[in-house]
Amino acid sequence: MNSLSQFLSLSDANVRYVVIGCVLLGISSGLMGVYTLLRKRALIGDAIAHAVLPGICIAFMLSGVRNTWVLFAGAVVTGSLAVYLVDLITSRSRLKPDAATALVLSVFFGAGILLLTIIQSSGNAAQSGLDKFLFGKAAAMLPEDLWLFGVVLCLVVTVLLSGYKEFKLLAFDKGYAQSQGIPVKALEMVLSTLTVLTVATGIQAVGVVLMSSLLIAPAAASRYWTHRLSGMLVLSAIMATLGAYIGAFISYTKPGMPTGPWIVVVLSCITLASMLLAPNQGVLARYLQRRKHRNKILQENILKAFFHLGEKKNNQALAFEMEVLRQQRDMPVARLKSGLRQLVRHGSLLDTNEGYQLTRSGLEAATRVVRLHRLWELYLSRHLNIAPDHVHEDAEGIEHLITPELERELELLLDSPGIDPHDSQIPYTQKDRNR
Amino acid sequence: MIQHVDNPIIEVHDLTVSYDKKPVLWNVDFTIPAGALVGIIGPNGAGKSTLIKAVMGLLPLSSGYTELFGQKLNDVRKRVSYVPQRESVDWDFPASVMDIALMGRYGQRGLFNRITAEDRSIARQALEQVHMLEFANRQIGQLSGGQQQRVFLARALAQQADLYFMDEPFAGVDAATEGAIIELLKELKSQGKTILVVHHDLQSAAEYFDWIVLLNTRLVASGPVKEVLTPTLLQETYGGKLSLLAQVGDIASSIGVGTRE
């Protein structure tokens, strides 16, 4: 625990630089990532990240020193060039944006690797560590790096805040924005430039290969938790901060652990957790919703079996054993048992000595399902001209989906009919008639 | 049958528009009187959407010019409103119905200026007009197609413009929404506004519009509905593209030169 308190207090200057640096550029990329994602340009981030490498190499070859600002300038130049080329290829050739992006990415990255090899074999002593740009070199962050990250973050926040509504409209509906006289081209250029600046700083920590995940992961994760752009921006920045902080801590606990990859791993976990756990849109929430509906279908089918048995005997107050129910509607014993248990718990059935018996609310629910089934059969045969012997299967599924509002609409449309296409009574309880 | 009017609110002069050097609209030339409810009608691929995009300055012109209110678009932008096709945007965007309606105020309010309480009240009114106010806080991804179209209309209404260009507002909407939209258009017209609507249902065209522009990569007719919706002109519009035009266009595109020097 000693290491944790040491880490949290940021007492070690080296730790301080790493943590502050990662957090600063995490926020920048978290914010820019939201717009990259919403403008469906996630791949462009990857292309920029890879295209930055030759710029760094050229800047180093020309200056001969490993100065943060010089290398940054080189990175920005080739990064911007990559964006420009992708747009140019897309507009001037038959290549689609994805192909143009892949082309630019591989050509620039290939050139970068080539230059890197040349530099490494040149014997220049200052070059050592230049290859760290491939996967990042967070542990070697310097105060001047932090200044650079801080300046870029300030720029990103200022521009995004002052043009909030314009960028929002641009991301949602470019054509409409243009029709209103908003300078779409200029604003797009601003967004691209900010993305390039962010990426060029980001590779200091996570490197060329992993940069695009720093851009996209927090933004993608944040979309699961909010329906507002402002909420997405704030959440994305928070998640990026969290990822940077935790990633930096993990790499601090064990010597030799790389910071950048750990940040990316943590961010990926956050994204994965969001996909699984988010309310409404999450995988878990959807699974639970589907399971709820499956149980509803099971219960309603059992109630329907009770109704049909009672209908044959002309008495809905009779109790039935499980075997009788299975003869009426075949289903696995385990499913039937579980459904019966649920229905008893909900007060729709009574578990008596002679078997199971519908309660008053159970009878109402059973009547409703049978009614919906027969109403739908009638609707299909009357309004869709489907033969009476073909309507049953459809109605089996639809009966579980119809809401009270739709039911009323059906009744209105069918003019409160008495019998279905198979000459069965469309049933109503006393309570239904009182409605 | 191309009827020109004096003091037109829209003048399209010798307009040619090309995609990838291939003309999709040839020498279109017509004028529209103020206060008209205009249907732009023609088969698929006739260039209907291209025409209004070109007039809204969203596409480069190969030749010709357009004037609105007798002026260039840039001088009258605040008086002109555009409703793009519903499918042209991703409705999964993180925004509420109110957010979209407010977007209609962005241009009026000006670049980098904040939205005011007045803008909010105008946007609310616009939503009320399309019966969407009760959904103001709804996430747009949860709307039905008809509701999405109404929200787009509300956004245009919030601009409080005098001239409206609408791209297929009736496409994929339910009967109730179609009825509500046409009521709204007629009300706008009664307030003296001019509305151009891209439409492709001939059945309802005669009933909805009072001026018709018939288009099939070239202008077939422009005039009052009774004089334009004749069997001869409709046959000319829907009877297929002029194959010579299409062939020349293909050649221009394959060589990579335009049709104009």
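Protein sequence lines, in the order shown, are assigned to chains W and G. Taken in order, the first sequence gives residues 1 to 435; the numbers are from this note's numbering. Taken in order, the second sequence gives residues 1001 to 1261; the numbers are from this note's numbering. Think of the CB as a built atom: it goes at the ideal place given N, C-alpha and C, for glycine as much as any other residue. Small disclaimer: the values here were computed from a predicted structure and weren't measured.
For ALA1175 (chain G), no beta strand (DSSP E) segment is defined; the enclosing uninterrupted segment is the alpha helix (DSSP H) at 1175-1190. The beta carbon of ALA248 (chain W) sits closer than 6 Å to the beta carbons of VAL18, VAL19, CYS22, THR259 from its chain, once the five residues preceding and following it are set aside; these are given in chain order.
Around ILE1115 (chain G), the beta-carbon contacts reaching into chain W at under 7 Å are LYS165. With a threshold of 8 Å between beta carbons, TYR84 (chain W) makes no contact with chain G.
About 7 Å separates the beta carbon of ILE302 (chain W) from that of LEU336 (chain W), a gap short enough to meet the 8 Å contact definition.
For LEU1037 (chain G), no alpha helix (DSSP H) encloses it; the enclosing beta strand (DSSP E) starts and ends at 1037-1041. Residue pairing by DSSP places THR1237 (chain G) opposite no residue, since no beta bridge is assigned to it. Positions of the beta strand (DSSP E) runs, each at least 3 residues long and wholly inside the stretch 257-317 of chain W, cannot be given because no such run exists. In the DSSP assignment, ALA1221 (chain G) is bridged to G:LEU1214. Considered as a whole, the stretch 148-220 of chain W harbours no complete run of any beta strand (DSSP E) with no fewer than 3 residues. Those residues of the stretch 1101-1129 of chain G placed with their C-beta closer than 7 Å to a C-beta in chain W are MET1103, TYR1106, GLY1107, LEU1111, PHE1112, ILE1115, ordered along the chain. Sequence-distant Cβ neighbours of THR1259 (chain G) in its own chain, meaning closer than 6 Å and more than five residues away, are PRO1023, ALA1252. Boundaries cannot be given for HIS422 (chain W), as no alpha helix (DSSP H) includes it and DSSP labels it neither H nor E. Annotation for THR359 (chain W): no beta strand (DSSP E) segment contains it, and DSSP assigns it neither H nor E. Looking at the DSSP output, LEU1196 (chain G) sits in a beta bridge with G:VAL1038, G:PHE1165. Counting along the chain, the unbroken beta strand (DSSP E) around TRP1026 (chain G) starts and ends at 1022-1032. Scanning the stretch 335-398 of chain W for uninterrupted beta strand (DSSP E) segments of 3 residues or longer gives 349-352, 355-358, listed from N- to C-terminal end. Contact between ALA395 (chain W) and HIS373 (chain W) holds: their C-beta atoms lie close to 5 Å from each other, under 8 Å.
In this structure TRP147 (chain W) is exposed. Its beta-carbon is surrounded by fewer than 16 other beta-carbon atoms within 10 angstroms. When secondary structure is reduced to three states using DSSP, THR78 (chain W) falls in the helix class. Per DSSP, the unbroken beta strand (DSSP E) holding THR1016 (chain G) starts and ends at 1010-1019. Per DSSP, THR101 (chain W) is one residue of the alpha helix (DSSP H) stretching across 97-120. Legend: CB atoms of the stretch 1168-1191 of chain G lying less than 7 Å from CB atoms of chain W are not found in any residue. Collapsing the DSSP output to three states places PHE249 (chain W) in a helix. Within chain G, LEU1058, PRO1084, SER1088 have C-beta atoms less than 7 Å from the C-beta of GLY175 (chain W), given in sequence order. PRO1094 (chain G) sits close to MET232 (chain W), with the two beta carbons spaced by under 8 Å. Under the three-pair Cβ rule at 8 Å, the stretch 193-211 of chain W counts as touching the stretch 63-81 of chain W. Interface annotation, THR226 (chain W): in contact with chain G, CB-CB separation under 8 Å. For SER222 (chain W), the three-state secondary structure derived from DSSP is helix. With fewer than three CB-CB distances shorter than 8 Å, the stretch 415-423 of chain W does not count as touching the stretch 309-320 of chain W.
DSSP places PHE1093 (chain G) in the coil class of the three-state scheme, outside both helix and strand. Non-local beta-carbon contacts of ILE58 (chain W) in its own chain, meaning distances under 7 Å to residues more than five positions away in sequence, involve GLY74, LEU115 in chain order.
LEU85 (chain W) carries a helical assignment under DSSP once its states are collapsed to helix, strand and coil. Sorting G:ASP1201, G:PRO1084, G:ILE1041, G:ASP1075 by C-alpha distance to the C-alpha of ALA1154 (chain G) places G:PRO1084 at the top. Take the alpha-carbon of ILE1041 (chain G) and the one of LEU1051 (chain G): they are about 11 Å apart.
For the stretch 179-203 of chain W, the set of residues with a beta-carbon nearer than 8 Å to any beta-carbon of chain G comprises SER179, GLN180, GLY181, ILE182, PRO183, in chain order.
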